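Chemist:
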Amino acid sequence: MKVIIPAVIPRPLAAGSFILKIQKMVTDGLIAKYRSDHIRKEAVFVNNPNTSQTVYWPPNHEDAPALMKDLLEYLEKNSQTSDPLVLAGIFHKQFVIIHPFIDGNGRTARLATKILLAKMGLNTFNLFSFENYYNQNVTKYFSEVGTIGNFYDLKDKIDFTPWP
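Below, the structure is given as structure tokens:
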């Protein structure tokens with residue numbers, strides 16, 4: 001991963017094409033090639049990995065491109081003025097809520113978050129692994145990061161009050 005940080009991270013900070021490349025990389029060999037490298041074009045749902053019960057219905061696929069565009073614009077607009085940890089947390093949570101891909105959303109979110117932190121000066125690649133934490137704490141990760149319910153029922157309950 002060290003090679004990615006200085007060489008490939010684009011401007012703007014979280015360009016959509018870069019997110020697509022991450023998703024393609026983390027799903028390579030796991031899903032059919034035609035299902036990667038683009039925002040989903042069909043409905044998806046999130047199952048609890050322990051119970052296989054559906055716990056979250058992300059936004060409709062028609063809304064996903066605009067939601068991703070808004071998220072990436074928010075990142076770029078706030079990258080110079082917001083605390084990197086706060087911004088990375090907002091990115092990670094919102095990305096998982098939008099769930100823009102058929103598969104690989106969590107892996108893409110975790111890697112993109114680490115790259116985002118590195119680009120903002122907090123290189124955590126040698127400090128800890130989101131993947132190791134995730135693999136050891138799947139249930140806790142879902143309860144903390146995952147959203148339960150239907151996106152359209154929850155979207156008005158999310159508070160985006162600016163930080164001072």
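Under the UniProt record's numbering, the sequence shown has 8 at position 8, and the numbering climbs by one with no breaks. A virtual CB, placed ideally from N, CA and C, is assigned to each residue, including glycine. Predicted, not measured: the structure shown is a model, and the values here were computed from it.
If contacts are defined as beta-carbon pairs under 8 Å, then valine 46 and proline 58 qualify, I think. What distance do you get, rounded to the angstrom?
Modeler: With 8 Å as the limit, valine 46 and proline 58 qualify as a contact, their Cβ atoms being about 7 Å apart.
Chemist: Do you know offhand how far glycine 16's Cα is from isoleucine 102's?
Modeler: 16 Å
Chemist: How far does the beta strand (DSSP E) with valine 86 in it extend, from its first residue to its last?
Modeler: Unbroken run through valine 86 is the alpha helix (DSSP H), 84–98; no beta strand (DSSP E).
Chemist: Quick check: the Cα distance between asparagine 78 and leucine 87, rounded to an integer number of angstroms?
Modeler: 8 Å
Chemist: Looking only at C-alpha atoms, which of Pro100, Asn123, Met68, Tyr56 sits nearest to serine 36?
Modeler: Pro100
Chemist: Excluding the five sequence neighbours on either side, which residues of its own chain have a C-beta within less than 8 Å of the C-beta of valine 26, listed in chain order?
Modeler: Gly104, Arg107, Thr108, Leu111
Chemist: Counting only the same chain and skipping the five closest in sequence on each side, list residues whose C-beta sits under 7 Å from that of proline 65.
Modeler: Ile39
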